[in-house]
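Notes follow once the structure below has been shown.
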Amino acid sequence: MGYRSIKKALGATNLERKCRILFGVCLALLIAAAFIWVAYNTERVVMKATRAEGQSALTNQLLRKHWDEWENDPDSKAFLKALLDAFTYHDYETEVLGLDTVEQRALTSRIPDHPHELDIVKRLQENIRLAKQGEMPLGEGDGSAEAMIGDLSNDTVFAEWAIPDRNEYHYYQPVHWHVECTSLCHAPASSAGIMSAIDSPNPTPVGPPFRVVKVVIPYEGTKDAINNARAGLITVGILTVFLAMIVLYVVVRYIVVKPLQHLRDVSEEISLGNTELRAEINTHDEFEELAQAFNRMLRHMREAQGELRDLNQSLDAKVDELAQLNMRLYDMNRLKSDFLANMSHELRTPLNSIIGFSEVLGSITSLNDKQRRYAQNIQKSGRLLLEMINDILDLAKLEAGKMEIRPSEFDLSVIVRAHCDMVRPLTEEKNIDLNFVADDLPLVYQDQSKIQQILTNLLSNAIKFTPEGGRISVAIAKTKHDRLELTVEDTGIGIPEEDREVIFEKFRQSTAVLDNDGLTREYSGTGLGLSIVREMCKLLGGEISFESQLGVGSTFKVQLPWNLSDRPKFSSDLSNKLDALARPDTDGLRPKDIARAAS
Numbered sequence: 001m002g003y004r005s006i007k008k009a010l011g012a013t014n015l016e017r018k019c020r021i022l023f024g025v026c027l028a029l030l031i032a033a034a035f036i037w038v039a040y041n042t043e044r045v046v047m048k049a050t051r052a053e054g055q056s057a058l059t060n061q062l063l064r065k066h067w068d069e070w071e072n073d074p075d076s077k078a079f080l081k082a083l084l085d086a087f088t089y090h091d092y093e094t095e096v097l098g099l100d101t102v103e104q105r106a107l108t109s110r111i112p113d114h115p116h117e118l119d120i121v122k123r124l125q126e127n128i129r130l131a132k133q134g135e136m137p138l139g140e141g142d143g144s145a146e147a148m149i150g151d152l153s154n155d156t157v158f159a160e161w162a163i164p165d166r167n168e169y170h171y172y173q174p175v176h177w178h179v180e181c182t183s184l185c186h187a188p189a190s191s192a193g194i195m196s197a198i199d200s201p202n203p204t205p206v207g208p209p210f211r212v213v214k215v216v217i218p219y220e221g222t223k224d225a226i227n228n229a230r231a232g233l234i235t236v237g238i239l240t241v242f243l244a245m246i247v248l249y250v251v252v253r254y255i256v257v258k259p260l261q262h263l264r265d266v267s268e269e270i271s272l273g274n275t276e277l278r279a280e281i282n283t284h285d286e287f288e289e290l291a292q293a294f295n296r297m298l299r300h301m302r303e304a305q306g307e308l309r310d311l312n313q314s315l316d317a318k319v320d321e322l323a324q325l326n327m328r329l330y331d332m333n334r335l336k337s338d339f340l341a342n343m344s345h346e347l348r349t350p351l352n353s354i355i356g357f358s359e360v361l362g363s364i365t366s367l368n369d370k371q372r373r374y375a376q377n378i379q380k381s382g383r384l385l386l387e388m389i390n391d392i393l394d395l396a397k398l399e400a401g402k403m404e405i406r407p408s409e410f411d412l413s414v415i416v417r418a419h420c421d422m423v424r425p426l427t428e429e430k431n432i433d434l435n436f437v438a439d440d441l442p443l444v445y446q447d448q449s450k451i452q453q454i455l456t457n458l459l460s461n462a463i464k465f466t467p468e469g470g471r472i473s474v475a476i477a478k479t480k481h482d483r484l485e486l487t488v489e490d491t492g493i494g495i496p497e498e499d500r501e502v503i504f505e506k507f508r509q510s511t512a513v514l515d516n517d518g519l520t521r522e523y524s525g526t527g528l529g530l531s532i533v534r535e536m537c538k539l540l541g542g543e544i545s546f547e548s549q550l551g552v553g554s555t556f557k558v559q560l561p562w563n564l565s566d567r568p569k570f571s572s573d574l575s576n577k578l579d580a581l582a583r584p585d586t587d588g589l590r591p592k593d594i595a596r597a598a599s
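Under the numbering used here, the residues of the sequence shown are numbered 1 to 599, in order.
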């Protein structure tokens, strides 16, 4: 199982189970490591005790053989045998091993026949050689029996071999010879007897042979001790883990999980609407502080809900008031549009009569110059007033969305050139040079009358604000995006930087056309021309832009679709604003608020 699988398994469980699993695994690993170390050292102690038993048995057997050889009194020999038997716990087997066949008195040896045992004897011989090179030679006692016995018990070099299958433990220890041992007791078999050697005033030492004493001890006790130690450690480990898990369960269950479950239950009840409930944890620790913080948060939330409820009530009243005002504004705007349309229509009839009668009056030959001038003033003022009324009527239609589009296929170059020729007399009066530039263009599918009206307003403004001796250029082209581009460029007074945002607004003109007091106009007009042009461009699915430099001139560019296939979705800014005001805003309102706003 990989790390991600373990993480996923732990992540899908609850906190209590996570704590038990993680703590149990960590505790089991720690206890296993500790008990393995204890088991290892216990086994070493048991083996050391077994080794000490082997050393004791070896010393016991050597002493037994020496007393058997040296003691001649039968009673003393029987007493010593009984004494040694009392201190012997097992029936040990003792054997002397060597690497040669030299016979020694009272010391019968044999060459090991088992390869492993032979290897042990050779290794012990090598260890003895290395020990002699690094220490004082052994066997330099004073020749007393105590010194010889002490040397015989020397355990600095030994070997052991445990054979569990045969239930045997073999302990090997080399024999450490003294000069007296080889000259008195264990001389070669061809030498004189022991007593003659003792009686000799100058005994001749003989080189000691290498001999190893092997003691065979039953291994069952050692094996049982090791197994009992292991079983005890495993039992203690299991009990320790089990008791630790019980303690952990109690600690996690009642100290950690229970307060958290209480907080969870309280939060669920609060989410269901029971905001009067509070968390009650009296543990005098961080959980109690958490419960107090939770209660403070809940109290602040209820206070915020109360404030929000009051604000909603106030907002409901404001929304109702605004809805009523919006409806009144919508009605007033509709009445205004109807009034402008009706009044413009009603005013045009008498104006046409006035203009007609002024033309008839001006054609009378009997009038003097002063009377004829008065008749021309009446005619000029009537036409200007009629133009203003037409502009107001067009703007009212645009804002009301009642302006109709009648697309047709026509030659744009012919229409624009004819329109330029129509206004050329006005430019000639001010000595203005009017130029028209057009490429060989295909037929355009647009509303001819609307384009003519756009061109009329742009040329009217250009002629009006271009001084005598100026220049006006008109150009049409087809862009790479398949759009119609109409450009009107003049060398007029230009538009100041601060007025570029207001020239498209209704009844607004640039401050450059006002006199010094800012109240009277130097140039006549209603201030509706550019506003009508922009609304008509939107109506035809296009846009208008301009570039201007004060005192140098202005360039207006109109871009429209070359083929007006579908009627563009059009609505004026004023209509959009009024519709938005009249329409209740239901975003973020509750169902009862929406129903009240709809009613």
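A virtual CB, placed ideally from N, CA and C, is assigned to each residue, including glycine.
Beta carbon of residue i, beta carbon of residue j: below 9 Å?
{"i": "ILE495", "j": "LEU550", "result": "yes"}
{"i": "ARG211", "j": "GLY54", "result": "no"}
{"i": "GLN61", "j": "TYR92", "result": "yes"}
{"i": "ILE544", "j": "VAL552", "result": "no"}
{"i": "GLN376", "j": "SER358", "result": "yes"}
{"i": "CYS19", "j": "LEU290", "result": "no"}
{"i": "GLU485", "j": "ILE476", "result": "yes"}
{"i": "THR50", "j": "VAL213", "result": "no"}
{"i": "LEU441", "j": "LEU412", "result": "yes"}
{"i": "PHE546", "j": "LYS538", "result": "no"}
{"i": "ALA28", "j": "LEU233", "result": "no"}
{"i": "LEU260", "j": "PHE294", "result": "no"}
{"i": "VAL414", "j": "LEU455", "result": "no"}
{"i": "LEU395", "j": "LYS506", "result": "yes"}
{"i": "ALA279", "j": "HIS300", "result": "no"}
{"i": "ASP100", "j": "PRO209", "result": "yes"}
Taking only three categories from DSSP, how would you classify residue i?
{"i": "ASP100", "result": "coil"}
{"i": "THR59", "result": "helix"}
{"i": "ARG483", "result": "strand"}
{"i": "ASN167", "result": "coil"}
{"i": "LEU434", "result": "strand"}
{"i": "TRP67", "result": "helix"}
{"i": "VAL115", "result": "According to the sequence shown, residue 115 is Pro rather than Val. The answer is helix: DSSP assigns PRO115 an H, G or I state."}
{"i": "ALA475", "result": "strand"}
{"i": "SER623", "result": "Any answer about residue 623 is impossible in this case: the structure gives the chain only from 1 up to 599."}
{"i": "ARG110", "result": "strand"}
{"i": "GLY529", "result": "helix"}
{"i": "PHE158", "result": "coil"}
{"i": "LYS506", "result": "coil"}
{"i": "GLU543", "result": "strand"}
{"i": "ASP490", "result": "strand"}
{"i": "CYS19", "result": "helix"}
{"i": "LEU560", "result": "strand"}
{"i": "GLU276", "result": "coil"}
{"i": "SER460", "result": "helix"}
{"i": "GLY469", "result": "coil"}
Relative to the C-alpha of residue i, which candidate in the options has its C-alpha closest?
{"i": "TYR172", "options": "PRO164, PHE158 and ALA477", "result": "PHE158"}
{"i": "LEU528", "options": "ILE246, ASN390 and GLY541", "result": "ASN390"}
{"i": "TRP161", "options": "GLU501, THR222 and VAL414", "result": "THR222"}
{"i": "VAL474", "options": "ASP482, GLU497, THR456 and VAL437", "result": "VAL437"}
{"i": "LEU450", "options": "LYS478, ARG383, LEU398 and GLU168", "result": "It should be pointed out that residue 450 corresponds to Lys in this sequence rather than to Leu. For the residues LYS478, ARG383, LEU398 and GLU168, the minimum Cα distance to LYS450 belongs to LEU398."}
{"i": "ARG483", "options": "ASN457, GLU468, GLY541 and GLY469", "result": "GLY541"}
{"i": "GLY356", "options": "SER381, MET536, THR365 and LEU367", "result": "SER381"}
{"i": "ILE120", "options": "PRO209, ALA57, PRO174 and SER56", "result": "PRO174"}
Spatial neighbours of residue i within its chain, please: C-beta separation below 8 Å, excluding the five flanking residues on both sides.
{"i": "TYR445", "result": "PRO407, SER408, GLU409, TRP562, ASN563, LEU564 and SER565"}
{"i": "ILE472", "result": "THR427, ILE432, ASP433, LEU434, ASN435, LEU459, ALA462, ILE463, THR466, VAL488, GLU489, ASP490 and THR491"}
{"i": "SER548", "result": "GLY494, ILE495, ARG500, SER554 and THR555"}
{"i": "HIS116", "result": "TRP161"}
{"i": "HIS419", "result": "GLN452, LEU455, THR456 and LEU459"}
Near residue i, what residues of its chain come up, given a Cβ to Cβ distance below 6 Å and the 5 sequence neighbours on each side ignored?
{"i": "THR240", "result": "ILE31"}
{"i": "ALA192", "result": "In this prediction, ALA192 scores a pLDDT of 44, lower than 50, which makes its location untrustworthy; the coordinate-derived value is nonetheless stated afterwards. For ALA192, where only same-chain residues beyond five positions count, there are no Cβ hits under 6 Å."}
{"i": "THR108", "result": "none"}
In its own chain, which residues sit with a C-beta less than 7 Å from the C-beta of residue i, not counting the 5 before and 5 after it?
{"i": "ALA225", "result": "VAL46"}
{"i": "GLU269", "result": "LEU277"}
{"i": "PHE23", "result": "LEU248"}
{"i": "THR283", "result": "PRO259"}
{"i": "ARG302", "result": "THR275"}
Three or more beta-carbon pairs under 8 Å between the region 553–564 and the region 424–437, yes or no? no
Are the region 114–134 and the region 217–224 touching, with three or more C-beta to C-beta distances below 8 Å? no
Touching or not, the region 333–343 and the region 302–319, by the rule of three or more beta carbon pairs under 8 Å? no
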